[in-house]
Amino acid sequence: MEKGIIIVASTIICAFLGAYGGKAETSKAWRRFGIPIALTLLLSSSQHLLKYALCFLGMSIPLSLGYGIPDEHDEGSTLGVIFYNIFGGRWCDFALRVTLFVLTMLPVIFIADLGRWFVATFYGSLLVAPFVGDTFVKNEPQIWGLNSEDLIYYGTLGFCVSWALIKL
Numbered sequence: 163m164e165k166g167i168i169i170v171a172s173t174i175i176c177a178f179l180g181a182y183g184g185k186a187e188t189s190k191a192w193r194r195f196g197i198p199i200a201l202t203l204l205l206s207s208s209q210h211l212l213k214y215a216l217c218f219l220g221m222s223i224p225l226s227l228g229y230g231i232p233d234e235h236d237e238g239s240t241l242g243v244i245f246y247n248i249f250g251g252r253w254c255d256f257a258l259r260v261t262l263f264v265l266t267m268l269p270v271i272f273i274a275d276l277g278r279w280f281v282a283t284f285y286g287s288l289l290v291a292p293f294v295g296d297t298f299v300k301n302e303p304q305i306w307g308l309n310s311e312d313l314i315y316y317g318t319l320g321f322c323v324s325w326a327l328i329k330l
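Each residue of the sequence shown is one higher than the one before, starting from 163 at the first, in this note's numbering.
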């Protein structure tokens, strides 16, 4: 029961930190460092705190890369420009988000069971893929002033990381 509560809490906290960090007029640090810090506090035991902290600190690197796709309103992130040049319009956001999801999950492989990590990363990529960019979410609907696309993406990330590390 306690483990299930931790997974649900990780999902909700990551969803809101990720979406809040993407909201206009807020610091990206909520997303880049808030998610790794929250996961460290929620999922680590005192004996493995350093190992978990280093792993989740590694997650802040892909969380800092950005997934902005260039358009008439935004020049996009460096990675977004590269993916736009490779994939073009519709599939660019899809490929970029799935790639960033996998890169963000990568440090978790050092502290998770390999099988659980693979299942969480694979299914997490499938879960977020239809809900990103122009693939599914139109006109960026808001929930409490937060982008629903970010809530779905970062909530899925929090769920997958915590599921990979907690055996129910």
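We put the beta carbon where it would ideally sit given N, CA and C, even for glycine.
What is the rounded straight-line gap between the Cα of residue 176 and the Cα of residue 203? 12 Å
In the DSSP output, what is residue 247 paired with across the bridge? DSSP links residue 247 through a beta bridge to no other residue.
Relative to the C-alpha of residue 258, which residue among 235, 239 and 174 is closest? 239
Suppose you measure from the CA of residue 267 to the CA of residue 319; what does that come to, to the nearest Å? 8 Å
On the DSSP letters alone, give me the boundaries of the alpha helix (DSSP H) that residue 196 sits inside. Going by DSSP, residue 196 is part of the alpha helix (DSSP H) stretching over 196-205.
The alpha helix (DSSP H) with residue 224 in it runs from where to where? Counting along the chain, the alpha helix (DSSP H) containing residue 224 begins and ends at 211-227.
Considering only their Cβ atoms, is the gap separating residue 263 from residue 254 smaller than 8 Å? no
So, with DSSP's three-state summary, where would you put residue 297? At residue 297 the pLDDT is 49, less than 50, meaning the model places this residue with poor confidence; the figure from the coordinates comes in the next sentence. It is helical.
Could you tell me the alpha carbon to alpha carbon distance between residue 311 and residue 282, rounded to whole angstroms? One C-alpha to the other measures close to 19 Å.
Closest to residue 285 by CA distance: which of 315, 217 and 164 is it? Measuring from the Cα of residue 285, the nearest candidate turns out to be 315.
Comparing C-alpha positions only, which one of 308, 211, 270 and 232 sits nearest to residue 247? 232
Give me, in chain order, the residues of the same chain whose beta-carbon lies closer than 7 Å to that of residue 190; leave out the 5 immediate sequence neighbours on both sides. 183
Just to confirm, are residue 198 and residue 219 a CB contact at a threshold of 8 Å? yes
Other residues of its chain near residue 326: CB distance less than 7 Å, five sequence neighbours each side excluded: 270, 274, 278, 279 and 282
In the structure shown, what three-state DSSP assignment does residue 164 receive? helix
According to DSSP, simplified to helix, strand and coil, what is residue 271? Secondary structure of residue 271 (DSSP, three-state): helix.
Helix, strand or coil for residue 314? Go by DSSP, reduced to three states. helix
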